[in-house]
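Chemist: Numbering (the working numbering), first residue to last: 53 to 425.
Note that beta-carbon positions come from the ideal geometry of N, C-alpha and C, so glycine has one too.
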Amino acid sequence: MSSAQICALMQEAALRHFPDAEVVGIPIADGGEGTVDAFLSTCHRGERLDACVQGPYGMMMDAFWGKIGDSAVVEMAACAGLPLTRGNRNPSVTTTYGVGQLIEEAWKSGCRQIVVGLGGSGTNDGGCGMASALGVRFFNAKGEEFVPVGGTLKNIARIDVSHRNPLIGKADLVAMCDTGNPLFGFNGAAYIFAPQKGADACMVEELDAGLRHLDRIVQKDLGVDASRIPGVGAAGGCGFGMVAFLGASIRMGIDMLLEAVGFDALLQDADYVFTGEGRVDGQSLGGKVISGVARHARQAGVPVIVVAGDVGDDVTDAYGKGISAVFSTNRVAQDFSKVRFRCMEDLSQTMDNIFRLIKISEMKTRETIEAGS
Numbered sequence: 053m054s055s056a057q058i059c060a061l062m063q064e065a066a067l068r069h070f071p072d073a074e075v076v077g078i079p080i081a082d083g084g085e086g087t088v089d090a091f092l093s094t095c096h097r098g099e100r101l102d103a104c105v106q107g108p109y110g111m112m113m114d115a116f117w118g119k120i121g122d123s124a125v126v127e128m129a130a131c132a133g134l135p136l137t138r139g140n141r142n143p144s145v146t147t148t149y150g151v152g153q154l155i156e157e158a159w160k161s162g163c164r165q166i167v168v169g170l171g172g173s174g175t176n177d178g179g180c181g182m183a184s185a186l187g188v189r190f191f192n193a194k195g196e197e198f199v200p201v202g203g204t205l206k207n208i209a210r211i212d213v214s215h216r217n218p219l220i221g222k223a224d225l226v227a228m229c230d231t232g233n234p235l236f237g238f239n240g241a242a243y244i245f246a247p248q249k250g251a252d253a254c255m256v257e258e259l260d261a262g263l264r265h266l267d268r269i270v271q272k273d274l275g276v277d278a279s280r281i282p283g284v285g286a287a288g289g290c291g292f293g294m295v296a297f298l299g300a301s302i303r304m305g306i307d308m309l310l311e312a313v314g315f316d317a318l319l320q321d322a323d324y325v326f327t328g329e330g331r332v333d334g335q336s337l338g339g340k341v342i343s344g345v346a347r348h349a350r351q352a353g354v355p356v357i358v359v360a361g362d363v364g365d366d367v368t369d370a371y372g373k374g375i376s377a378v379f380s381t382n383r384v385a386q387d388f389s390k391v392r393f394r395c396m397e398d399l400s401q402t403m404d405n406i407f408r409l410i411k412i413s414e415m416k417t418r419e420t421i422e423a424g425s
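1. So F191 packs on C180, CB below 8 angstroms; how close in whole Å?
2. Quick one: give me the first and last residue of the alpha helix (DSSP H) that R268 is part of.
3. Using only the alpha-carbon positions, how far apart do S93 and R268 sit?
4. Run through DSSP, which three-state label would V295 get?
5. Taking its Cβ as the centre, do 16 or more other Cβ atoms sit within 10 Å of P135, making it buried, or is it exposed?
6. Considering only residues of the segment 131 to 172, which uninterrupted beta strand (DSSP E) runs meet the minimum length of 3 residues and lie entirely inside it, listed in chain order?
7. Return the chain-ordered ranges of every beta strand (DSSP E) run that is complete within the segment 81 to 117 and spans a minimum of 3 residues.
8. Cβ of G202 within 8 angstroms of Cβ of T146?
9. Looking at the structure shown, is T175 part of a helix, part of a strand, or coil, going by DSSP?
10. Which residue comes first and which comes last in the beta strand (DSSP E) that contains L225?
11. When the Cα atoms are used, what is the spatial distance from I357 to R264?
12. Taking a contact to mean a Cβ-Cβ separation below 8 angstroms, would you say V126 touches M294 in this structure?
13. Let me check understanding here. Comparing Cα to Cα, which of L205, H69, V76 and P234 lies closest to I58?
14. Compute the Euclidean distance between the alpha carbons of A360 and K390, then round it to the nearest angstrom.
15. Helix, strand or coil for D316? Go by DSSP, reduced to three states.
16. Which residues in the same chain have their Cβ closer than 7 angstroms to the Cβ of L170, if we skip the five residues on either side of it in sequence?
17. Within its chain, find whatever has a CB closer than 6 angstroms to the CB of G283; leave out the 5 residues flanking it on each side and keep chain order.
18. Please classify D398 as buried or exposed, where buried requires at least 16 other C-beta atoms within 10 Å of its C-beta.
19. Assign V378 to one of three DSSP states: helix, strand, or coil.
20. Determine, using beta carbons only, whether D224 and R164 come nearer to each other than 8 angstroms.
21. In whole angstroms, what is the alpha-carbon distance linking A377 and A132?
22. Where do the N-terminal and C-terminal ends of the beta strand (DSSP E) with M304 fall, by residue?
23. Keeping to the same chain, check which residues put their C-beta closer than 8 angstroms to that of Q320; ignore five residues upstream and five downstream.
24. To the nearest angstrom, report how far apart A322 and R210 are at their CA atoms.
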């Protein structure tokens, strides 16, 4: 379901039990799929523009980006996303080249601030494909130029930025991510995220070694040491590429969107906040939507109720970080391949039960107050 669909279903359930309530729906994305639409919806202006760029396997495809005044929002999932690799997932050969093409489209249109959403990727190329599309040149030991992918990062012998697009440096580039992971290591891009992109244990080691090698060449040729900056491991190291090759800054995506909608002001009169994602686990507390929402709500003293498709075993820490309760919508306890077809009904029913419980609680509170008076 899209974020907008989820907001609508939650609002419908709330008003069914509390018809006089004011419900504010805020479609949110933190850098992955839906980021462009979330910004356009939040800002109530701008336009979604089409572009033909390279997909994750190098084939040309239709993608899009968002323009809001002289600012742009590029969603890397639109051309390098994990769903685009379905049935043939292999992060050792996928590329972010199309992401660079989308950035160039935004520059050519006159945008001087470009936000790149780093989430939902099927890649592990350290952003080298993106950089190649913008004129950064990579050479192997034989002096041959090539476009590196995850499996060929180890072949980079030299990096040349002298032909880089001159527009770089004239625009404010922001990498918007939902994770604080470094580039490599057991908490880095390959070990944490590559398995869900199709990598087995052997490939994970090779991809991690490739990212380490990329970092060494970047330090040698560009004088940039960025591998330990929180967030550079996002999107298969594309966050690293944004910083090292394009001079971008990194910001947590959820914070950017919450600022855009004035979330802190909305919390002042709120009784509850409902949020969620497909699966809630330990990663959900590391910079994703739930973590950001809970952090802001906790400061305002507003309880947060998380409703998710699936709940992992490692969510106990959530209760100490501003989350009051966590519910799964998987009412029949079946695999995603089956429950995905009934997700709207399951969310609606789950929300209905939550609001029934809240109604009972409020009735008991009123009875206690009335009995005391």
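Modeler: Let me lay it out:
1. For the purposes of this step, residue 191 is identified with residue 139 of the sequence shown, where counting begins at 1. For the purposes of this step, residue 180 is identified with residue 128 of the sequence shown, where counting begins at 1. Not confirmed; about 12 angstroms, so no contact.
2. As a working mapping, residue 268 is identified with position 216 in the sequence shown. Its alpha helix (DSSP H) spans residues A253 to L274.
3. As a first step, residue 93 must be located in the sequence shown, where it is residue number 41. As a first step, residue 268 must be located in the sequence shown, where it is residue number 216. Using only the alpha carbons, I get a separation of about 41 angstroms.
4. As a first step, residue 295 must be located in the sequence shown, where it is residue number 243. Looking at V295 - three-state DSSP - the assignment turns out to be helix.
5. As a position in the sequence shown, residue 135 is number 83, starting the count at 1. P135 comes out exposed.
6. Complete beta strand (DSSP E) runs here, min 3: 165 to 170.
7. Within the segment 81 to 117, the runs of beta strand (DSSP E) that reach at least 3 residues and sit entirely inside it are, in chain order, 99 to 106.
8. Here residue 202 refers to the residue found at position 150 of the sequence shown. Here residue 146 refers to the residue found at position 94 of the sequence shown. In terms of Cβ geometry, G202 and T146 form a close pair [threshold 8 angstroms].
9. For the purposes of this step, residue 175 is taken as the residue at position 123 of the sequence shown. Annotated three-state conformation of T175 is coil, per DSSP.
10. Numbered from its first residue, the sequence shown carries residue 225 at position 173. For L225, the enclosing beta strand (DSSP E) starts and ends at D224 to C229.
11. By one-based count along the sequence shown, residue 357 stands at place 305. By one-based count along the sequence shown, residue 264 stands at place 212. Cα to Cα, the separation comes out at about 40 angstroms.
12. Here the question's residue 126 lines up with position 74 in the sequence shown. Here the question's residue 294 lines up with position 242 in the sequence shown. No, the Cβ-Cβ distance between V126 and M294 is not below 8 angstroms.
13. Within the sequence shown, the letter at position 6 stands for residue 58. Of L205, H69, V76 and P234, the smallest CA-CA separation from I58 is found for V76.
14. Translated into the one-based positions of the sequence shown, residue 360 becomes position 308. Translated into the one-based positions of the sequence shown, residue 390 becomes position 338. Computed Cα separation, rounded: 16 angstroms.
15. Walking along the sequence shown from the start, residue 316 turns up at place 264. Helix, per DSSP.
16. The residue you call residue 170 lines up with position 118 of the sequence shown. Close CB contacts of L170 within its chain, under the 7 angstroms cut and outside five residues either way in sequence, are with G83, M128, A227, M228, C229, A286, A287, C290 and G291 (chain order).
17. As a working mapping, residue 283 is identified with position 231 in the sequence shown. When the five nearest sequence neighbours on each side are left out, the beta carbons in the same chain lying within less than 6 angstroms of the beta carbon of G283 are those of C229, G232, G291 and I302, in order along the chain.
18. Within the sequence shown, residue 398 is the residue found at index 346, counting from 1. Classification of D398: buried, given that the 10 Å Cβ count is 16 or more.
19. Locating residue 378 in the sequence shown gives position 326, where the first residue counts as 1. Secondary structure of V378 (DSSP, three-state): strand.
20. Here the question's residue 224 lines up with position 172 in the sequence shown. Here the question's residue 164 lines up with position 112 in the sequence shown. For D224 and R164, yes; Cβs fall inside 8 angstroms.
21. What you label residue 377 is simply residue 325 of the sequence shown in a count that begins at 1. What you label residue 132 is simply residue 80 of the sequence shown in a count that begins at 1. Roughly 34 angstroms between the two C-alpha positions.
22. The residue labelled residue 304 in the question sits at position 252 within the sequence shown. Run containing M304: S301 to M304, per the beta strand (DSSP E) assignment.
23. As a working mapping, residue 320 is identified with position 268 in the sequence shown. A352, listed in sequence order.
24. Within the sequence shown, the letter at position 270 stands for residue 322. Within the sequence shown, the letter at position 158 stands for residue 210. For the pair A322 and R210, the Cα-to-Cα distance works out to about 55 angstroms.
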